[in-house]
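Protein chains in written order, with the working numbering: chain A, 258 to 526; chain B, 13 to 367.
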Amino acid sequence: MLGLPAYVYLVVFFAVPFFIVFVTSFARRSATGATKYDEFSTSAYVKLLDPLVGTIVWRSFWIATITTAVCLLFAYPFAYYIATRRPAVRNALLVLVMIPFWSNFLVRTYAWRFILGSDGPLGTLTEAMGREPFRLLFTPAAILIGLVYGFLPFMVLPLYAAIERLDWRLVEAARDLYADGWTAFRKVTLPLTRSGIIAGSLLVFVPSFGAYVTPAILGGGKDLLLGSYIVTQFGQARNRPLGSALSIVIMAVMLVALMIRNRSGAEEI
Amino acid sequence: MTKAAVELSGVTKHFGEVVALKGIDLAIADGEFFSLLGPSGCGKTTTLRLIAGFEFPTSGSIQIHGKEMALEPPDARPINTVFQSYALFPHMNVERNVGFGLQMKKVNSNEIATRVGRALDMVQLSHRANAKPDQLSGGMQQRVALARALVNEPEVLLLDEPLGALDLKLRQQMQIELKELQERVGITFIYVTHDQEEALTMSDRIGVMDKGELLQVGTPKEIYESPTSRFVADFIGDISLLAVSVVSPTEVRLSGGGNVPADTSNAGDGSHWLALRPESLHLVSAAADVPDGMVRIPGKVRHRVYYGDSYFYDVETTAGSLDVRQENRPGLPTFDAGTELMVWWNPAAGSLVTA
Numbered sequence: 258m259l260g261l262p263a264y265v266y267l268v269v270f271f272a273v274p275f276f277i278v279f280v281t282s283f284a285r286r287s288a289t290g291a292t293k294y295d296e297f298s299t300s301a302y303v304k305l306l307d308p309l310v311g312t313i314v315w316r317s318f319w320i321a322t323i324t325t326a327v328c329l330l331f332a333y334p335f336a337y338y339i340a341t342r343r344p345a346v347r348n349a350l351l352v353l354v355m356i357p358f359w360s361n362f363l364v365r366t367y368a369w370r371f372i373l374g375s376d377g378p379l380g381t382l383t384e385a386m387g388r389e390p391f392r393l394l395f396t397p398a399a400i401l402i403g404l405v406y407g408f409l410p411f412m413v414l415p416l417y418a419a420i421e422r423l424d425w426r427l428v429e430a431a432r433d434l435y436a437d438g439w440t441a442f443r444k445v446t447l448p449l450t451r452s453g454i455i456a457g458s459l460l461v462f463v464p465s466f467g468a469y470v471t472p473a474i475l476g477g478g479k480d481l482l483l484g485s486y487i488v489t490q491f492g493q494a495r496n497r498p499l500g501s502a503l504s505i506v507i508m509a510v511m512l513v514a515l516m517i518r519n520r521s522g523a524e525e526i
Numbered sequence: 013m014t015k016a017a018v019e020l021s022g023v024t025k026h027f028g029e030v031v032a033l034k035g036i037d038l039a040i041a042d043g044e045f046f047s048l049l050g051p052s053g054c055g056k057t058t059t060l061r062l063i064a065g066f067e068f069p070t071s072g073s074i075q076i077h078g079k080e081m082a083l084e085p086p087d088a089r090p091i092n093t094v095f096q097s098y099a100l101f102p103h104m105n106v107e108r109n110v111g112f113g114l115q116m117k118k119v120n121s122n123e124i125a126t127r128v129g130r131a132l133d134m135v136q137l138s139h140r141a142n143a144k145p146d147q148l149s150g151g152m153q154q155r156v157a158l159a160r161a162l163v164n165e166p167e168v169l170l171l172d173e174p175l176g177a178l179d180l181k182l183r184q185q186m187q188i189e190l191k192e193l194q195e196r197v198g199i200t201f202i203y204v205t206h207d208q209e210e211a212l213t214m215s216d217r218i219g220v221m222d223k224g225e226l227l228q229v230g231t232p233k234e235i236y237e238s239p240t241s242r243f244v245a246d247f248i249g250d251i252s253l254l255a256v257s258v259v260s261p262t263e264v265r266l267s268g269g270g271n272v273p274a275d276t277s278n279a280g281d282g283s284h285w286l287a288l289r290p291e292s293l294h295l296v297s298a299a300a301d302v303p304d305g306m307v308r309i310p311g312k313v314r315h316r317v318y319y320g321d322s323y324f325y326d327v328e329t330t331a332g333s334l335d336v337r338q339e340n341r342p343g344l345p346t347f348d349a350g351t352e353l354m355v356w357w358n359p360a361a362g363s364l365v366t367a
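This is the structure:
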């Protein structure tokens, strides 16, 4: 009985929308762009084989991969630092990590638009030096910065949880057995915090792969990414079956990735 | 004594405001089985961690075979540790755990395989070489931890309560195995424990610690039979402590009156007690039964407890209460609670302790 609200929530906000998208992906687009449910059609899935879709998927995949890698690179030392502080300092730092969540994501992304634009600090500085104002806005680098900024906490938190759980005596044991600091990290700390690395990477990769808001605001819409492409199908292109089919395929890919992760997780400890 | 394997001089350790070690001076000989004994929080584990290099002393020097090492990292010291919780790497099998140190020292892989094989043979775990630590029993993990340390042929082996997690039977068996192993390999063992029996049965020498200080260092016999401080006397085994005052180099006065012989040559400043072990006290029904030259005082049995191999008496005397252990042997008299009797002991059996 206590679980009922949760089930209602899941049905209303997850199962029903998913069902609609799933059904729509097998619908037909009429010549005028209306979505017709009168016959079972796989034409939307066939259209996914279009090289344009391939290019977009590939580009999104790369952006997501680089975002994940950069997040990992920044987050690991930071999470390590937090996890090795006294409890009081630790909690303060964790609050700092989560403070951005207290304000609207859209507002924060627009703030980046200012920072990265030609009116921003870098632009003003270069202009003062008598050069063309430097602008990162509307470049892939701006998208990357925005994504890394937005998803960094999702990498920090699972990494923190994994590092905090680490049995430090194992690191001492490695040092005792003649491993220098870096080798002990590589041979013991890193493998034993793998669960955090995998969890964090998934939490960053999945939303970056389908990100819409950040590329739309910071990327200037020049190089199409998956999120924008899907939104376009539901909007201007009036091709809901195609947008739905693409969404379903991406979801399926993510599901497979999750299953692989769970299997590899089972091997641990 | 040959050159010390490990020598600590004036070692102190502060953790913020807390003083964990108040100045330790200690020399441990090559090939010795040395135990650091004390209650939890006495500083014994901190001492071990300083020798291992996991912590650095606030002041003082730590020499290993004459080489100053107080500030060297653990990987630079010719020392290995068997951790209290074993600290086996959970993501590596037994073979890779044991081979870890040799791999770090860049020993070639053929030699690693040979030496790991030999080490596993020594602890009788060759058949579990491919098992992960969590697939092994506590006793087996213990032996892997031992093999992982010994395979490196360290100059000194540190053991931090290595038997604490094992059940009694296994612990007794491992005590014997450990002692035999130490005699066979001839490596200096520094063994941390809070278990006095373990320390007494295994060690060549024991250092008793309390509140960051090393109170007494000696052979198990010296520590047990001639404690110098009230803490050491009280911490190790059962003991009765009678408050006394020193009256001459060979005599003390009991608190209830009456002088008895005791060696007071080592008496320091402070309050004094005469410490008497339960097994060195004897009970007889009349003063006439006390052998000549023995110390005697009258008493009354308050309780008697039956232990199977012995009877344990709580005897009240004018000087204080005495715990007495009498063997349960046919022909020896037993005394009921309330019985008036005489307690006697050999003057050499009492130790004068100071606090």
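Glycine residues also receive a C-beta, built at the ideal position from the N, C-alpha and C atoms.
Being a predicted model, the structure only gives us computed values, none of them experimental.
(message) Please give me, in chain order, every unbroken run of the beta strand (DSSP E) with length at least 3 that falls completely inside the stretch 161 to 198 of chain B.
(response) 168 to 172
(message) Using 7 Å as the threshold, is the C-beta distance between D437 (chain A) and D37 (chain B) below it?
(response) no
(request) Run down chain B in chain order and give the residues with a C-beta less than 9 Å from the C-beta of T446 (chain A). (result) Going along chain B, no residue has its Cβ under 9 Å from T446 (chain A), so there is no contact; the nearest lies around 11 Å.
(message) Only counting the same chain, and skipping five residues up and downstream in sequence, which positions put a Cβ closer than 6 Å to that of H294 (chain B)?
(response) W356
(request) Tell me A287 (chain B)'s beta-bridge partners as DSSP assigns them. (result) B:L253 and B:S363
(request) May I ask you to list the residues that DSSP assigns as paired with D335 (chain B)? (result) B:D326
(request) Measuring only between beta-carbons, confirm whether P359 (chain B) sits less than 7 Å from chain A. (result) no
(request) Name, please, each residue of chain E whose Cβ falls closer than 7 Å to the Cβ of S97 (chain B). (result) This model lacks chain E altogether, as its protein chains are A and B.
(message) Any beta carbon from chain A within less than 7 Å of S25 (chain B)'s own beta carbon?
(response) The residue you asked about is not Ser; residue 25 (chain B) is Lys in the sequence shown. Closer than 7 Å: no.
(message) Using beta carbons (cut-off 7 Å, strictly below), is D87 (chain B) in contact with chain A?
(response) yes
(message) Please return the same chain residues whose Cβ sits closer than 7 Å to the Cβ of G467 (chain A), not counting the five positions on each side in sequence.
(response) L483, G484 and I507
(message) At the 7 Å Cβ level, is S429 (chain A) part of the contact set with chain B, yes or no?
(response) The residue asked about is misnamed: residue 429 (chain A) is Glu in this sequence, not Ser. Answer yes: the Cβ-Cβ gap between E429 (chain A) and chain B drops below 7 Å somewhere.
(message) Using CA atoms only, rank isn't needed, just tell me which of B:L178, B:T346 and B:R108 is closest to N142 (chain B).
(response) B:R108
(request) Report yes or no: is there a C-beta of chain A within less than 7 Å of the C-beta of A32 (chain B)? (result) no
(message) Here's the rule: buried if 16 or more other CB atoms are within 10 angstroms of the residue's CB, otherwise exposed. What is S47 (chain B)?
(response) buried
(request) Figure out for me which residue from B:I40, B:G35 and B:S21 has the closest Cα to the Cα of T200 (chain B). (result) B:I40
(request) Using alpha carbons as the reference points, say which of A:F442, A:Y417 and A:V310 lies closest to E429 (chain A). (result) A:F442
(message) Residues of the stretch 113 to 136 of chain B in Cβ contact with chain A at a cutoff of 8 Å, in chain order, please.
(response) G113, M116 and K117
(message) Residues in the same chain with beta-carbon distance under 7 Å from A131 (chain B), minus the five sequence neighbours each way, listed in chain order, please.
(response) V110, A159, L162 and V163
(message) Contact criterion: CB-CB distance below 7 Å. Does R432 (chain A) meet it with respect to chain B?
(response) yes
(message) Please return the same chain residues whose Cβ sits closer than 7 Å to the Cβ of Q228 (chain B), not counting the five positions on each side in sequence.
(response) V220, I235, P239, T240, S241 and V244
(message) In chain order, what are the residue ranges of uninterrupted beta strand (DSSP E) at least 3 long that sit wholly in the stretch 369 to 408 of chain A?
(response) none
(request) Whole angstroms is fine: what's the gap from S282 (chain A)'s alpha carbon to F318 (chain A)'s? (result) 22 Å
(request) Entirely within the stretch 209 to 242 of chain B and at least 3 residues each: give me those beta strand (DSSP E) ranges in chain order. (result) 217 to 222 and 225 to 230
(message) Just to make sure I have the definition right: I need the residues of chain A whose C-beta is within less than 7 Å of the C-beta of T205 (chain B). Which are they?
(response) What T205 (chain B) touches in chain A: nothing, since even the nearest Cβ is about 18 Å away.
(message) Between F66 (chain B) and chain A, is any beta-carbon pair separated by less than 7 Å?
(response) yes
(request) Quick one: using the 10 Å Cβ neighbour count with 16 as the cut-off for buried, is D281 (chain B) buried or exposed? (result) exposed
(request) Enumerate in chain order the residues of its own chain whose CB-to-CB distance from F270 (chain A) is below 8 Å, with the five nearest sequence positions on each side excluded. (result) none
(request) Look at the Cβ atom of V313 (chain B), then the Cβ atom of A349 (chain B), and state whether they are nearer than 7 Å. (result) yes
(request) From the DSSP output, read off the bridge partner residues of M354 (chain B). (result) B:V296 and B:P310
(request) Kindly indicate which three-state DSSP category A39 (chain B) falls into: helix, strand or coil? (result) strand
(message) Can you pull out the residues from the stretch 433 to 467 of chain A whose beta carbon lies closer than 9 Å to at least one beta carbon of chain B?
(response) D433, L434, Y435, A436, D437, G438, T440, A441, K444, V445, P448, L449 and R451
(message) Quick check: what's the CA-CA separation for H26 (chain B) versus L60 (chain B)?
(response) 15 Å
(request) Taking C-beta pairs closer than 9 Å, name the residues in chain A that T58 (chain B) reaches, listed in chain order. (result) Under the 9 Å cutoff, chain A gives no residues; its nearest Cβ is about 14 Å from T58 (chain B).
(request) Could you say which of B:H103, B:A64, B:R155 and B:I251 lies nearest to L170 (chain B) if we only look at CA atoms? (result) B:A64
(message) Suppose contacts are defined by Cβ-Cβ distances below 7 Å. Is D42 (chain B) in contact with A82 (chain B) by that definition?
(response) no
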